[in-house]
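A quick write-up on the structure given underneath.
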Amino acid sequence: MKIIIINGNPDDHNQSFDQYLADYQKELRSSGHNAEIVTLRDMNFAFCCGCFKCWDTTPGICSIDDDIKHIHRAVINADLVVWASPLIKGYFSSLLKKVQERMIPLLHPYIEIVSGEIHHRKRYQNYPDYGVFIQKENDTDSEDLRIAQMIMERYALNFRSELRFFLATDVPVPEAVRETISNTASCNDYAEKPEQAAVPALAFYTSSLN
139 MKIIIINGNP DDHNQSFDQY LADYQKELRS SGHNAEIVTL RDMNFAFCCG
189 CFKCWDTTPG ICSIDDDIKH IHRAVINADL VVWASPLIKG YFSSLLKKVQ
239 ERMIPLLHPY IEIVSGEIHH RKRYQNYPDY GVFIQKENDT DSEDLRIAQM
289 IMERYALNFR SELRFFLATD VPVPEAVRET ISNTASCNDY AEKPEQAAVP
339 ALAFYTSSLN
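Residue numbers (the working numbering): 139 to 348.
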């Protein structure tokens, strides 16, 4: 598998989190997988400005010329994307969230019905599976974890993916690697997935400033 580990740790003093991901990467490589870490705090990202030029002017390409283009390329060519972040006040880091919001060029502006819900149509035939690593806070409880996992499941669905695992860094690295491989490598062995039958699409445009 080609695995991209997106490190959303904003604090370079939090070495325990970075070391966990480095050990995880090493174990994956030892198991024969192509695993790379992308450390977001070392890169340059602006906030999404909501201009929608990636949909109507430069389809599939963000109008902001920063390091997001490297993330787009890495994500869409991966078999598995692992979103990784310490929990901060019960949620993922603002750095990780900022990058996730910049992923919309990977989808079409048009929408379709998916399992009774409306979601954006795929721009590409294949999308990577998702995994998540979080680092708990001192007061993190089961409800915090449930909410964080549910949010990532919804995010994966909108990006036409599936969340294959949701793990905390208190899980030993060898066990995390086993969970990664068992929950993802068996999913069609990453063979080319057949395109679903075309579904009538709707496009919504608005000039409202509200």
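A virtual CB, placed ideally from N, CA and C, is assigned to each residue, including glycine.
- Query: Using the rule of at least 16 other Cβ atoms within 10 Å of the residue's Cβ for burial, across every protein chain shown, is T322 buried or exposed?
  - Reply: In the assembly as shown, T322 is a buried residue. Its beta-carbon has 16 or more other beta-carbons within 10 Å.
- Query: Measuring from the CB of H171, is there a heavy atom of the ligand FMN at a distance below 7 angstroms?
  - Reply: No copy of the ligand FMN appears in this structure; indeed no ligand is present at all.
- Message: Quick check: is the beta carbon of R302 nearer than 8 angstroms to any beta carbon in chain B?
- Response: Going by chain labels, chain B is absent from the structure shown, which holds only one protein chain.
- Rounded distance between the beta-carbons of K164 and A216, thought under 8 angstroms: Actually they are not in contact, since the Cβ atoms of A216 and K164 sit about 18 angstroms apart, beyond 8 angstroms.
- Query: How many Å lie between P312 and F297 at the Cα?
  - Reply: Rounded to whole angstroms, the gap between the alpha carbons of P312 and F297 is 29 angstroms.
- Are there three or more Cβ pairs, one per stretch, closer than 8 angstroms when the stretch 251 to 260 is compared with the stretch 224 to 241? The stretch 251 to 260 is not in contact with the stretch 224 to 241.
- Query: On the premise that N147 lies in contact with S231, defined as a C-beta separation below 8 angstroms, what is that separation, rounded to the nearest angstrom?
  - Reply: The Cβ separation is near 7 angstroms, so the contact holds.
- Query: Between the C-alpha atoms of N152 and L301, what's the straight-line distance to the nearest angstrom?
  - Reply: Taking the straight line from one Cα to the other gives about 26 angstroms.
- Task: With distances taken Cα to Cα, identify the nearest neighbour of P224 among R316, E317, A314, Y158.
- Result: Nearest neighbour of P224 by Cα position, chosen from R316, E317, A314, Y158, turns out to be Y158.
- For Q273, which beta-bridge partners are listed by DSSP? For Q273, DSSP records a beta bridge to P224.
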